[in-house]
Each structure stands twice: as structure tokens, then as C-alpha cells.
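Q: Residue numbers (the UniProt record's numbering), protein chains in the order written: chain V, 1 to 210; chain X, 1 to 210.
Quick reminder that beta carbons are idealized off the backbone N, C-alpha and C, glycines included.
Number of protein chains: 2
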Amino acid sequence: MYTTIKQQIINWEIKPGTKISEKEVAEKLEVSRTPVREAFLQLAQEELLEIIPQSGTIVSNIDLELVEEARFVRERIETAVAREVCGCISEESVFQLEMNLSMQELCLEKRTHQRLFELDESFHKILFDESNKSRTWSMIRQMNSHFDRLRVLRLAANPNWNVVVSQHKEIFQAIVNNDPDQAEQIMESHLKLVNFEKEELKKQYPDYFK
Amino acid sequence: MYTTIKQQIINWEIKPGTKISEKEVAEKLEVSRTPVREAFLQLAQEELLEIIPQSGTIVSNIDLELVEEARFVRERIETAVAREVCGCISEESVFQLEMNLSMQELCLEKRTHQRLFELDESFHKILFDESNKSRTWSMIRQMNSHFDRLRVLRLAANPNWNVVVSQHKEIFQAIVNNDPDQAEQIMESHLKLVNFEKEELKKQYPDYFK
DNA sequence: TATAACTACCATACTAGTATATTTATATAA
DNA sequence: TTATATAAATATACTAGTATGGTAGTTATA
């Protein structure tokens, strides 16, 4: 239930400001109210839903301050992770990153953005796993859900995936070359990229923002 | 329910490895099973409980890798926060920090460790609030619950609160003096303090560790 | 006409019973 | 005595009904 509803919110099938109810969702997904309620609670913790006690539940508007907080956390953590894996990265992870990167190039050519989206995620996840920080990655994923919605908006607007993919390649190179300063620096600018377009999107869709 | 049960786990009223059940807790706290279940789910997400489907629920052993992950996140985030608030800190926050510090000194004299524990928390929280990162603080608090249990163990062992309090004072001074490098440096060593005693405690209470 | 009180409705919050799977104890056979 | 099959006990997972509180619409009154 949690995954299903979250996907629907992130993919804009349910838009910010929409009122939804346990009962309604339960009937649509053909389960009882409790599993839906449990999903609601988890999504509320993540601030994707706002539960107003005894009254109703609405899909949260995008909160740019929350987006910035999550971006900040990612920047501070991932620069350190990039630095940490330099030099001591396992062959297995190197192989996985290489595979990931070649698929990214393929998807870039074919313009299959949805798949590219997922490859982007798993590129970063490989680095977290390598440095034994899988829980930190889950935490970041949880904080990042408002930003994920923004990314889906941007998908249509044809973002500059070229830059993203080439940065991934540069980060990989810096890591295998055991150049922590370089790895950290590129990772930092990589994670500052998301700052672009935020304000522009807010102007374009003002109703969906807080 | 969530807060109650969490407190009991952190204060070692329910020990790691203990089997607990929704029904049992519900009866003891005189509510029905659902609110307890919801608390269980949240605590399981935080890894304080391990829910084994259709079988049972046990209080997790302390996982030193998780403790280290949380410590690492705190270090990377809080050094940046300390740097960020330098120079631009509001009078209100300065006042709150001063109040907090003088209370810390008082509690240090009187050896009221529990209260000191709370003052320590709120000292750091003030800095997060000042830099508009309240959600980041909640996130850290959530990741830190395994470490909180360790701290309670240490409370009895009479830890070196003198060092902790004087570091707080030094961090405060660096911030009001607008010395970001100094602030960051002390914050870093402050958050490395927790590394001490971890392995020792594990030897002392091997059954409670993973 | 505007405001206050009342009522019907609907949302979440909680309770309790049922379903399902796992564990444990027991009985039987090799 | 040991191994295996089976049944009872017990835990979570789910369903559905009830309680409680909040919202909006209507009516009555100033």
C-alpha cells in the first residue's frame, strides 16, 4: 500500500492539495482500511500527506524548504561518501558502476528518461553500499520525496541529462583514480545542479507549492 | 504509545532480545491493539524493534554499525551547521544558548545527569533551528536511537560530562566570535567523543549487542 | 440581513473479532 | 532413543464495526 500510494503521489497521479480518504483508497485498491491507514501514517511522517485529525487527509504541497534541507543533507553526506570510497573500492562495485554507466549512456541516446531516473538512483546507492551506509541512503531517499516529485515535473521539460551523466562518469573516474579531492568536488557540484529550475517550476505551477 | 514504548526501550526497562507482543503491551497500557501496532511499525522502521511476520516481535540488539552510521551523519551535518550559523546567529538564539549553557553548568555541579542529557540535546537542536533545519534534526534523532540506549548505559558509568560541557561552551564561543573554522573543528571532535567506550561497553554487556 | 445554534454527514481514531502463518509441544513409528 | 508427523497455541495481518470529533449546510433568531 505504502509503495503504491507513494508512487501515485510522486508520479502526479494524485496532485498536491487533493483530499483523499482511507475509505476511498481502500475501496479502490480493494483492501481494508487498516493497511491503507498504516501507509497514510508513514507517508504523513514523510510529509507527503497531511493528516488533519478527525477531519481529513490531503496530499501536501511541495515544500521548497524541505527540498533544500534534503539537498543539503545529500550534499554533506555524499561528498564525504565519495571521498571515503576513493582508493578502497571493491572490484565488484567498480564493475557494477561500469555497468550502470554504460546503461546510462544507452538510455541517454534512446531518451528513456524514466529508466535513466532509476539508474541515477542506483549509481548513488552503489556508493553508499560500498561504504557500509545503506541506512543512510534509505534515510536520504525518505527525505527526498518532495524533490522526487519535482524531478518528475522536470522530466517532461527535458532536463539536461547530458550533464548529469557526464558528471557521474567524472565521479567514477575520480574514485578509481584515487583522487578524493576531485571526487568530492564533482559530487558537490553534481548535487548543486538540482538548485536550478526550482524557482522556475514554482512560477509555472504555483498552486502545487506551499 | 510510540513515545511511551520508545522511552521504555531506551531506558532499558525493556532489554534487547526481549520478546514483546502487541496484545501484551496493549493490555498493560490499557488500549487496544491497533495503536500499539502503529507504534510497533514506527519503532521497527527505526530498527528498535524487529517484527518477524506472523511470528513475533523482539527488541533489537544494539547494532554498532548503525550507531556508527548515525554518528557519521551527525558529524558531517553538524559541522556544516556550526559553520553556517557563524556570524548570522540571531540574538534570540544566542540568548537561548547562553541560558542552556548556564543550566548545563548547574546540572554539572549537581550531577543531575538525566537533565544534562536533555540539555545536551536541546543545545544541538537550537543550532539546527537557527539554520532552518528542523527536519534534519528530527531525522538525526530518529537514526540516533540505538546510540541513545548506549548513552543511558554510560550514564551509570559516570561519563566525562566535564569535557562535553566545556566543548559546548567552546562551540558557542566560536560561533559568536564568527570563527567558522574553529566552530567546525570543535564540533567535529565533539561528535567523535562518542567513539570512546563503544567497544568497552560491548565487552561489558555482550548479550545486548548484535 | 447577519449571526448563532443545531443537525446531518463524514473523516479519522479506536476496538475487537477473524484469518493466516509460524512455532512449539506431543504422539507415534522406525 | 531419535526422527517425523501432527495438532495446539500464539503471534502478526487483516477486516469490519463503533466512537469521537470536525465540517458544512440549514434554520431560527436578533
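Do we get a CB-CB distance below 7 Å when we pair Ala44 (chain V) with the residues of chain X?
A: No, no contact with chain X.
Q: Please determine if the region 70-84 of chain X and the region 122-131 of chain X are in contact, where contact requires at least 3 C-beta pairs separated by less than 8 Å.
A: Because the criterion of three Cβ pairs below 8 Å is met, the region 70-84 of chain X and the region 122-131 of chain X touch.
Q: Should Gln42 (chain X) be labelled buried (16 or more other beta-carbon atoms within 10 Å of its own) or exposed?
A: Classification of Gln42 (chain X): buried, given that the 10 Å Cβ count is 16 or more.
Q: What does Leu49 (chain X) pair with, by DSSP beta-bridge criteria?
A: Answer by DSSP bridge pairing, in chain order: X:Val59.
Q: Name the chain V residues that come within less than 9 Å of Ile77 (chain X), Cβ to Cβ?
A: Result: Phe72, Val73, Arg76, Ile77.
Q: Of the residues V:Ser166, V:Glu200, V:Ile58, which one's Cα is nearest the Cα of Gln19 (chain V)?
A: The question names Gln, but residue 19 (chain V) in the sequence shown is Lys. Of V:Ser166, V:Glu200, V:Ile58, the residue nearest in Cα terms is V:Ile58.
Q: Taking C-alpha atoms, which residue in X:Arg154, X:Gln185, X:Met99 lies nearest to Gln167 (chain X)?
A: Out of X:Arg154, X:Gln185, X:Met99, X:Gln185 has the C-alpha closest to the C-alpha of Gln167 (chain X).
Q: Tell me, which residues are paired with Phe95 (chain X) by DSSP?
A: None, per the DSSP bridge assignment.
Q: Starting from the beta carbon of Met143 (chain X), find every residue of chain V whose beta carbon is closer than 9 Å, and list them in chain order.
A: What Met143 (chain X) touches in chain V: Arg135, Thr136, Met139.
Q: Shorter than 7 Å from the beta carbon of Glu170 (chain V) to some beta carbon of chain X?
A: No, Glu170 (chain V) does not count as interfacial toward chain X.
Q: Taking the alpha-carbon positions, what's the Lys52 (chain X) to Leu108 (chain V) distance?
A: The sequence as given places Ile at residue 52 (chain X); Lys does not occur at that position. So the alpha carbons of these two residues sit roughly 42 Å apart.
Q: Is Glu69 (chain X) close to chain V? Criterion is C-beta to C-beta, closer than 7 Å.
A: At least one chain V Cβ lies under 7 Å of Glu69 (chain X).
Q: How far does the alpha helix (DSSP H) with Glu13 (chain X) in it extend, from its first residue to its last?
A: Taken as a continuous stretch (DSSP letters only), Glu13 (chain X) belongs to no alpha helix (DSSP H), as it is neither H nor E.
Q: Between Ala80 (chain V) and chain X, is there a C-beta pair that is closer than 7 Å?
A: Closer than 7 Å: yes.
Q: For Phe209 (chain V), which residues does DSSP report across the bridge?
A: Phe209 (chain V) pairs with V:Ile62.
Q: Going along the chain, which residues of the region 50-66 of chain X sit with their C-beta nearer than 8 Å to a C-beta in chain V?
A: Cβ contacts with chain V: Glu65, Leu66.
Q: Using only alpha-carbon positions, find the residue among V:Lys210, V:Ser21, V:Ser90, V:Ile77 that is nearest to Asn178 (chain V).
A: Of the candidates V:Lys210, V:Ser21, V:Ser90, V:Ile77, the one whose C-alpha sits nearest the C-alpha of Asn178 (chain V) is V:Ser90.
Q: DSSP state of Ile89 (chain X), grouped into three classes?
A: Coil, per DSSP.
Q: In chain X, what lies closer than 7 Å to Glu184 (chain V) by C-beta?
A: Within 7 Å Cβ-Cβ: nothing; Glu184 (chain V) doesn't reach chain X, min ~12 Å.
Q: Could you name the residues of the same chain whose beta carbon sits closer than 7 Å to that of Leu119 (chain X), not counting the 5 residues immediately before and after it, in chain order?
A: If we look at Leu119 (chain X) and ignore the five residues flanking it on each side, its Cβ neighbours are Asn100, Met103, Gln104, Cys107.
Q: Report buried or exposed for Asn11 (chain X), applying the criterion of at least 16 other Cβ atoms within 10 angstroms of its Cβ.
A: Asn11 (chain X) should be labelled exposed.
Q: When the distance is taken between beta carbons, is Asn61 (chain X) closer than 7 Å to Tyr205 (chain X)?
A: No, the Cβ-Cβ distance between Tyr205 (chain X) and Asn61 (chain X) is not below 7 Å.
Q: Going by CA-CA distance only, name the one from X:Glu200, X:Pro16, X:Val94, X:Asn160 that's closest to His190 (chain X).
A: The option with the nearest alpha carbon to His190 (chain X) is X:Asn160.
Q: Here's a check: name, in chain order, each residue in its chain whose Cβ is nearer than 7 Å to the Cβ of Glu197 (chain V), leaving out the five neighbours to either side.
A: Within the same chain, Glu197 (chain V) has close Cβ partners Arg154.
Q: Can you find the residues in the same chain that come closer than 7 Å, C-beta to C-beta, to Lys169 (chain V), ignoring five residues on each side of it along the sequence?
A: These residues qualify, in order along the chain: Leu101.
Q: Nearest by alpha-carbon distance to Thr3 (chain X): which of X:Arg33, X:Ile14, X:Ala39, X:Lys23 is it?
A: Of the listed residues, the one whose Cα sits closest to Thr3 (chain X) is X:Ala39.
Q: Strictly by DSSP, which residues pair up with Ile20 (chain V)?
A: V:Thr57, per the DSSP bridge assignment.
Q: Given this structure, state the Cα-to-Cα distance separating Arg74 (chain X) from Lys203 (chain X), to the nearest angstrom.
A: Distance between the alpha carbons of Arg74 (chain X) and Lys203 (chain X) is about 25 Å.
Q: Evaluate Glu78 (chain X) with the Cβ neighbour count: other Cβ atoms within 10 Å of its Cβ, from every protein chain shown; 16 or more gives buried, anything less gives exposed.
A: With 16 or more Cβ atoms within 10 Å of its Cβ, Glu78 (chain X) is classed as buried.
Q: Tell me whether Thr112 (chain V) is buried or exposed, calling it buried when 16 or more other Cβ atoms sit within 10 Å of its Cβ.
A: The residue is exposed, with fewer than 16 neighbouring Cβ atoms inside 10 Å.
Q: For Asp179 (chain X), does the three-state DSSP call read helix, strand or coil?
A: DSSP places Asp179 (chain X) in coil when its eight states are reduced to three.
Q: Under 6 Å Cβ to Cβ from Arg71 (chain V), same chain only, skipping five residues before and after it: list those, please.
A: Here the set comprises Val194.
Q: Could you tell me the alpha carbon to alpha carbon distance between Leu127 (chain X) and Ala44 (chain X), rounded to whole angstroms?
A: Roughly 29 Å between the two C-alpha positions.
Q: For the region 102-136 of chain X, which residues have a CB atom closer than 8 Å to at least one CB atom of chain V, in sequence order?
A: So the close ones are Asn132, Lys133, Arg135, Thr136.
Q: Using a Cβ cut-off of 9 Å, pull out every chain X residue sitting near Glu38 (chain V), in sequence order please.
A: Chain X residues near Glu38 (chain V): Arg37, Glu38, Leu41.
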